[in-house]
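Taking my numbering, the leading residue of the sequence shown gets 86, the next gets one more, and so forth.
Glycine included, each C-beta is placed from N, C-alpha and C at the ideal position.
These notes concern the structure reproduced below.
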Amino acid sequence: MEQAQHSFPHRVDDNTAVWAEFKDLTERYSCISLGEGAPAANPPQFLVDELMKAIQEGHNQYSRTFGHPILVQSVAEYYGKKLGQEINPLTQVIVSAGAYNVIVNALLALIRPNEGEEVLVFEPGWPCYIDLVQFAGGIYRPLCLQQKDGKWHFDAEQFKNSLNNNTKLFIFNNAQNPTGKIFTREELDEMSKILENYPNVIVLSDDVYEFLTYDGTQFTGFASIGDNFKKTLSIYCPGKMMCATGWQVGWAVGPEKLIKPVSLISTTQIYCANTPVQVAYGRALPQVDKPGYKGELSFVEHIRQEFQEVRDYMFKELSEGFDLPVEPLRSESGYFILLDISKCKELIPERYLKSHQFEELKEGQDPLKVNEVFMSDGSVPLDLAFCRWIAVERGVIMMPCSLFYHKESPYRLDQHVRLVICKGLDHSIKAIERLKSKRQ
86 MEQAQHSFPH RVDDNTAVWA EFKDLTERYS CISLGEGAPA ANPPQFLVDE
136 LMKAIQEGHN QYSRTFGHPI LVQSVAEYYG KKLGQEINPL TQVIVSAGAY
186 NVIVNALLAL IRPNEGEEVL VFEPGWPCYI DLVQFAGGIY RPLCLQQKDG
236 KWHFDAEQFK NSLNNNTKLF IFNNAQNPTG KIFTREELDE MSKILENYPN
286 VIVLSDDVYE FLTYDGTQFT GFASIGDNFK KTLSIYCPGK MMCATGWQVG
336 WAVGPEKLIK PVSLISTTQI YCANTPVQVA YGRALPQVDK PGYKGELSFV
386 EHIRQEFQEV RDYMFKELSE GFDLPVEPLR SESGYFILLD ISKCKELIPE
436 RYLKSHQFEE LKEGQDPLKV NEVFMSDGSV PLDLAFCRWI AVERGVIMMP
486 CSLFYHKESP YRLDQHVRLV ICKGLDHSIK AIERLKSKRQ
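Quick look at the structure:
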């Protein structure tokens, strides 16, 4: 009998994800990972207690579809103060299965598929934006963050020239992954003024790292400026704030005209988010900024201090020079620090630079499935070759930042790698010690 031939839609690229490749590299070469942005710290005890309490109280069935009343009330009060808005908990808050899912729902709700609607995104940026815009049927348009003197800069003229009548959405990640950049109030004001000429553009403000600022840097939410709230969905991730990324609840606040269509898509996908986790977050959220968690520090201040300590340690160690001529960039926020590895090319063995088949396999050993991506000139990206080399030869996992650009982006660079600073000081010390050593 003839085998059936099935045809499937091509909604996203099917290349092996770099995350999957480096997970396999970690296991095969017994690496210490500085790749995945999941904190080593456990959730605060007050959050765990609230979860147990919610379960014991019987909050175990389906909740209100758009968010449990306890949680949406807490979110409205907490972020209303931050944004300077009176937020209606029932019409201006949507809760879903993680911040990622909120972004998916927003893009599906707001983009009319295959009608030429464009979405602006800063690069380097979170790679999932690329696939999600494609999945929703929009057109991804990159904007360039320029690195100079150890900092990343916003080009207002380019931003203005990229806007047109087809622009539907501007995905604005602040604080930014992977660069750790916090946009200044002056930059936000400039963006806001430019967008006044395009009143139909919706801003998806991905603010999942807004709580995690270093060196006293001030974070300002885009929706808090002028009338921006009326055109902005602000997205938040309690899992990142409270070190519980696997609990998978996230939310957005914004005007009812944007929240309602997103809520309808969310309902068709998940019906409702995890009920006891929602209740726990709702009761824990007012506690995160209260002094007394660690001495006089609140929980958020404690986490901020711990991560900044790791950032400062890694910056110092990677600045002092060893056999790798790398240059660290000091992040202003978030889970990551970047390294400029542009001077390392001469040190990398040819097999990593010339081919995606870089392993020296043992008899009977199958090659890893790898991300077979190339630069515009047909070469293997320098940062990808560097990360594979460091994984195999030194047993440390990093992430190549060329994967944080669209593969056809004219702004794509391959000279930076990303390291996490959220795994704790002991883990980071072990990783740096191994990075500075050579496997025998």
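Collapsing the DSSP output to three states places GLU242 in a helix. Contact between the stretch 285-305 and the stretch 440-457 is not established, with fewer than three Cβ pairs separated by less than 8 Å. Per DSSP, the beta-bridge partners of LEU504 are ILE422. Check the Cα spacing between SER427 and each of VAL218, PHE255, ASP462 and VAL502: the tightest is with VAL502. Our two residues, PRO346 and ILE355, have alpha carbons roughly 15 Å apart in a direct line.
Three or more beta-carbon pairs drawn from the stretch 428-438 and the stretch 466-483 are found closer than 8 Å, and the two stretches are therefore classed as touching. Setting aside the 5 residues that flank it on each side, LEU230 is surrounded in the same chain by PHE207 and TRP237, each with a C-beta closer than 6 Å to its C-beta; the list follows chain order. Annotation for TYR398: LEU510 and SER513 place their beta carbon closer than 7 Å to its own, counting only its chain and skipping 5 residues before and after. When secondary structure is reduced to three states using DSSP, THR317 falls in the strand class. Assignment of MET399 by DSSP, reduced to helix, strand and coil, places it in the helix class. For GLY377, the three-state secondary structure derived from DSSP is coil.
With fewer than three CB-CB distances shorter than 8 Å, the stretch 190-200 does not count as touching the stretch 475-489.
Beta-bridge analysis with DSSP links VAL293 to no other residue.
For MET326, the closest C-alpha among the options SER464, PRO128 and GLN90 is that of PRO128. Secondary structure of GLU444 (DSSP, three-state): coil. PRO323 and GLU457 have their C-alpha atoms roughly 34 Å apart.
Contiguous alpha helix (DSSP H) elements confined to the stretch 213-291 occur at 213-221, 241-247 and 270-280, taking only those with 4 or more residues. When rounded, the separation of the alpha-carbon atoms in LYS447 and CYS507 is 35 Å. A Cβ-Cβ separation of about 6 Å places ILE267 in contact with PHE304 under the 8 Å criterion. Here TRP336 is actually not in contact with GLY122; their C-beta atoms are around 19 Å apart, not less than 8 Å. Secondary structure of PRO485 (DSSP, three-state): strand. Per the coordinates, the alpha-carbon of PHE244 lies some 12 Å from the alpha-carbon of LEU273. For ALA89, the secondary structure class from DSSP, reduced to helix, strand or coil, is coil. Each of CYS429, PRO452 and ASP408 was checked against the Cα of SER522, and the nearest Cα belongs to ASP408. Straight-line measurement puts the Cα of ARG96 at about 16 Å from the Cα of VAL204.
By the Cβ test, the stretch 297-314 is not in contact with the stretch 110-126, since fewer than three Cβ pairs between them sit closer than 8 Å. Two segments are said to touch when three or more pairs of C-beta atoms, one from each, lie closer than 8 Å; by this definition the stretch 366-381 touches the stretch 148-167. For VAL178, the pairing in a beta bridge is given by DSSP as VAL338.
Taken in chain order, the unbroken stretches of alpha helix (DSSP H) that lie wholly in the stretch 118-186 and span 4 residues or more are 130-141 and 154-168. Only buried fits ALA260, as 16 or more other CB atoms lie within 10 angstroms of its CB.
In this structure, the beta-carbon distance from LEU297 to GLY380 does not fall below 9 Å. Ranked by Cα distance from ALA308, the first of ILE320, ASP425 and PRO485 is ILE320.
With distances taken between CA atoms, ILE310 lies nearest to LEU280 out of THR330, ILE422, TRP332 and LEU280. In the three-state scheme derived from DSSP, where H, G and I count as helix and E and B as strand, PHE107 is classed as helix. Between VAL180 and the set GLN90, LEU168 and SER348, the nearest pair of CA atoms involves SER348. Assignment of beta-bridge partners to THR298 by DSSP yields SER418.
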